[in-house]
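Those protein sequences? They're chains A and B, same order as listed.
The opening position of the first sequence corresponds to residue 21 in my numbering, with each subsequent residue numbered one higher.
The opening position of the second sequence corresponds to residue 21 in my numbering, with each subsequent residue numbered one higher.
Working notes, structure below.
Protein chains: 2
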Amino acid sequence: MYEKKGKKPGKPEQQLTPLSELGEFGLIHRLTKDIRHMQPSTIKGVGDDAAVIDSGKDEAYLVSTDLLVEGIHFDMTYTPLKHLGYKAVVVNASDIAAMNGTPRQIMVSMVIPSRYSAEALDEIYAGIKLACDTYQIDLIGGDTSSSTSGLVISVTVIGTAVKEEIVYRKGANPGDLLCVTGDLGSAYIGLLLLEREKKVFQTNPGMQPELTGFDYQIGRFLKPEARTDVRRLLEGIGVKPTSMIDISDGLASEILHLCKQSDVGCKIYEEKIPIDPQTRELAMEFKLIPSVAVLSGGEDYELLFTIPQSDHEKIKDVAGITVIGHTTEPSEGRYIVTPDGKEVEITAQGWEAF
Amino acid sequence: MYEKKGKKPGKPEQQLTPLSELGEFGLIHRLTKDIRHMQPSTIKGVGDDAAVIDSGKDEAYLVSTDLLVEGIHFDMTYTPLKHLGYKAVVVNASDIAAMNGTPRQIMVSMVIPSRYSAEALDEIYAGIKLACDTYQIDLIGGDTSSSTSGLVISVTVIGTAVKEEIVYRKGANPGDLLCVTGDLGSAYIGLLLLEREKKVFQTNPGMQPELTGFDYQIGRFLKPEARTDVRRLLEGIGVKPTSMIDISDGLASEILHLCKQSDVGCKIYEEKIPIDPQTRELAMEFKLIPSVAVLSGGEDYELLFTIPQSDHEKIKDVAGITVIGHTTEPSEGRYIVTPDGKEVEITAQGWEAF
């Protein structure tokens, strides 16, 4: 044994740092900052949507992993188990799409509360298998364990990409165009709708939830899709992004990641952010500025990417892709411009200046 | 959405099957029996120590994943956090060793109770990094989430092996020799010692734990090593196993897996099972027949493999490898032979006939 006595949580011998003080990104930085690689095949480790492993051929392997934890990422009161299984695959496939790759295989591990029935797990797996069929991914392994607490699903995805076609978070140059796929913010509004009806139900269990007519928003939250189609779409028009990231945590946080790793600033235009009209109305109902819901909401699983300005002609009329701004010199900062021309600094927590 | 209403746990609409009725292997079979592969690169999916992915070159990729769950796989009262991190890597590396491969990269995901300090996580990561250094594995990514309950560590390992050198659980022929590496049973006795001292401490918190002198057993449990060295050892003497599995769940369960997948029977000899002399004595103290501790105890992380009888000369004098019996025609059943010649059927739960 390399150590006679280990420290135990709850038995402090020094001033301890609560995790809340660091936040998730701070914690990851602290734990991984001194990592060094020994395997020559490791092209990229921690710090992008997926790690990259050299195969010695044209193709490289992409590996990413995502946790779904009950009470943190999903609420059992309104999450159908089949949707949960589907989403567990999608959030991982999205990470591979964000590297401009193709997901191929997944490993699925589950920590299962002992109160669960086999039929409940059948439902989760039905969702996993449906997503595998949809995205042509093979389920090749996993692990299961019982638990005395909540459900945890841990998925690792393996994808491939031709090495020269991989797109990292770094790679954007000042003056590139910032583009997003699809529309943003609806998943977050879907979550707010589900949370609202949950509260109504909790105070008045006889009430029926008012969710009719909000299929789009609720569907975007409960059953997102991964944009694995974007790679071929861009290939088809002869565009290769200079940088890319998936929008799982809210546009603000993702833009800041991309700018930081590419060492650029940015300017995005509030009125250009693609938002579904009904989502816009619902945001107002929730007393939210629609673009704030987009910047800080998350769960969209669309892609944010940059392209050289010279590719503007190729992309400007492509349905489902919107240019929302451009990158700048790093010294120019990271700003969102309101319709009346006011520039507001983008912060990781969203758009706090409002 | 592909489904209007999902079933929720605890709201049965039909006769439900409790998980305890299936057991872990029954559950995995139920959830994965209808899986079909669509990716031509998937050589082997669920059902071995690791999945195998074709790279289109001589080398294939091996992928395996293992969960460590607080309260199930480890007890915080006697598990130093650094050891826990070390073990999380080792149990995964062991799966790659069991395929005759070399571990290269890992992804580490953790569900972290909010009461944990950053320093506690530093300790876990110190163990992870030490194991990575020891086994020349690169930590290339992961995910973290907070939790309201216990700690969960989910590790996925990626390894490589020359395709023709991969050893599966299937592949043993009747008449092959059954071999094990190292000695068995000490990890389980280590666990029993820790559990005993935990109980003493709980009834009498003033007492000091009596663990001095049991370093070997406790070390085998708290800080096992993966037998990634065995591949080169066997290569050096010109032996390629016909089948292999790692001994993580107890020898009985692993022998049955190997026999089932290879479609063979087996006969192992109780007196040939390598057991550390002190472990043998301690087993008796715990009122256990030592071979029963080996058959049903688990946590050894040694390797069980078969070789053709013609290789007996090559292996018989190799230190640290023991021939414990041989495989037979499947119709001959799976037996352990006691020193007085009695044959007892091997069952997954251990050696229940005793």
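Heads up, the beta-carbon is just placed ideally off N, CA and C, and yes, glycines get one too.
Could you spell out the range, first to last residue, of the alpha helix (DSSP H) harbouring residue i?
| i | result |
| --- | --- |
| G3(B) | No information on residue 3(B) is available, as it lies outside the stretch 21 to 374 that chain B covers here. |
| M127(B) | Unbroken run through M127(B) is the beta strand (DSSP E), 122-133; no alpha helix (DSSP H). |
| F45(A) | 39-52 |
| E291(B) | That residue, E291(B), is in no alpha helix (DSSP H); it is neither H nor E in DSSP. |
| F221(A) | 206-223 |
| A246(A) | Element bounds for A246(A): n/a, residue is neither H nor E. |
| G105(A) | 101-117 |
Around the Cβ of residue i, are there at least 16 other Cβ atoms within 10 angstroms (buried) or fewer (exposed)?
| i | result |
| --- | --- |
| S134(A) | exposed |
| I257(A) | exposed |
| R354(A) | buried |
| H277(A) | buried |
| S351(A) | exposed |
| R56(B) | exposed |
| G270(B) | buried |
| M127(A) | buried |
| P261(B) | buried |
| V259(A) | buried |
| F325(B) | buried |
| P10(B) | Lying outside 21 to 374, the shown extent of chain B, residue 10(B) is not represented and no answer is given. |
| Q59(A) | buried |
| F241(B) | buried |
| E79(B) | buried |
Is there a Cβ of chain B sitting closer than 8 Å to that of residue i, yes or no?
| i | result |
| --- | --- |
| T248(A) | no |
| T168(A) | yes |
| S165(A) | yes |
| L315(A) | no |
| R354(A) | no |
| D266(A) | no |
| Y236(A) | no |
| R50(A) | yes |
| I132(A) | yes |
| F374(A) | Confidence at F374(A) is low in this model, with a pLDDT of 37, below 50, so the placement of that residue should be treated as unreliable; the coordinate-derived value is given next. No, F374(A) does not count as interfacial toward chain B. |
| T201(A) | no |
| I178(A) | yes |
| I186(A) | no |
Name, please, each residue of chain A whose Cβ falls closer than 9 Å to the Cβ of residue i.
| i | result |
| --- | --- |
| K280(B) | Those within 9 Å of K280(B) in chain A number zero; the least Cβ separation is about 18 Å. |
| D86(B) | S129, D163 |
| I275(B) | Here the premise fails: no neighbours, minimum Cβ distance about 21 Å. |
Quick one: give me the first and last residue of the beta strand (DSSP E) that residue i is part of.
| i | result |
| --- | --- |
| K190(B) | Careful: K190(B) lies outside any beta strand (DSSP E) and carries neither H nor E. |
| K64(B) | 62-64 |
| E322(B) | 322-327 |
By the three-class DSSP mapping on this structure, what secondary structure does residue i have?
| i | result |
| --- | --- |
| A138(B) | helix |
| G26(B) | Note that G26(B) scores 40 on pLDDT, short of 50, meaning its location in the model is unreliable and no value can be drawn from it. |
| I366(A) | coil |
| S166(B) | strand |
| T358(B) | coil |
| V284(A) | coil |
| K77(A) | coil |
| H332(A) | helix |
| S351(B) | helix |
| F306(A) | coil |
| G10(B) | Look at the range of chain B in this structure, 21 to 374, and you will see that residue 10(B) is not part of it. |
| S268(B) | coil |
| A313(A) | helix |
List the residues of chain A that residue i touches, going by C-beta distances under 7 Å, in chain order.
| i | result |
| --- | --- |
| L36(B) | S137, E139 |
| V66(B) | I160, G161 |
| V172(B) | V131, V172 |
| Y145(B) | L51 |
Please tell me whether residue i has its Cβ less than 8 Å away from any Cβ of chain A.
| i | result |
| --- | --- |
| E44(B) | yes |
| E23(B) | Below a pLDDT of 50, predicted positions are generally treated as unreliable, and E23(B), at 38, falls in that range; no measurement from the model is reported. |
| G345(B) | no |
| G121(B) | no |
| Y81(B) | yes |
What does residue i reach in chain B if we use C-beta pairs closer than 8 Å?
| i | result |
| --- | --- |
| Q156(A) | M58, Q59 |
| L39(A) | I132, S134, Y136, S137, A138, L141, S166 |
| K77(A) | S75, G76, K77 |
| L47(A) | A138, L141, T164 |
Residue i versus chain A: which residues are under 8 Å apart at the beta carbon?
| i | result |
| --- | --- |
| A71(B) | Q125, M127, I160, G161 |
| T232(B) | None at all; the shortest Cβ gap to chain A is about 11 Å. |
Could you name the residues of chain B that residue i contacts, counting a contact when the two beta carbons are closer than 9 Å?
| i | result |
| --- | --- |
| R240(A) | Simply none; closest approach about 10 Å. |
| G91(A) | S167, T168, S169 |
| T62(A) | R124, Q125, D158, I160 |
List the residues of chain B whose Cβ lies closer than 7 Å to the Cβ of residue i, in chain order.
| i | result |
| --- | --- |
| L214(A) | Simply none; closest approach about 13 Å. |
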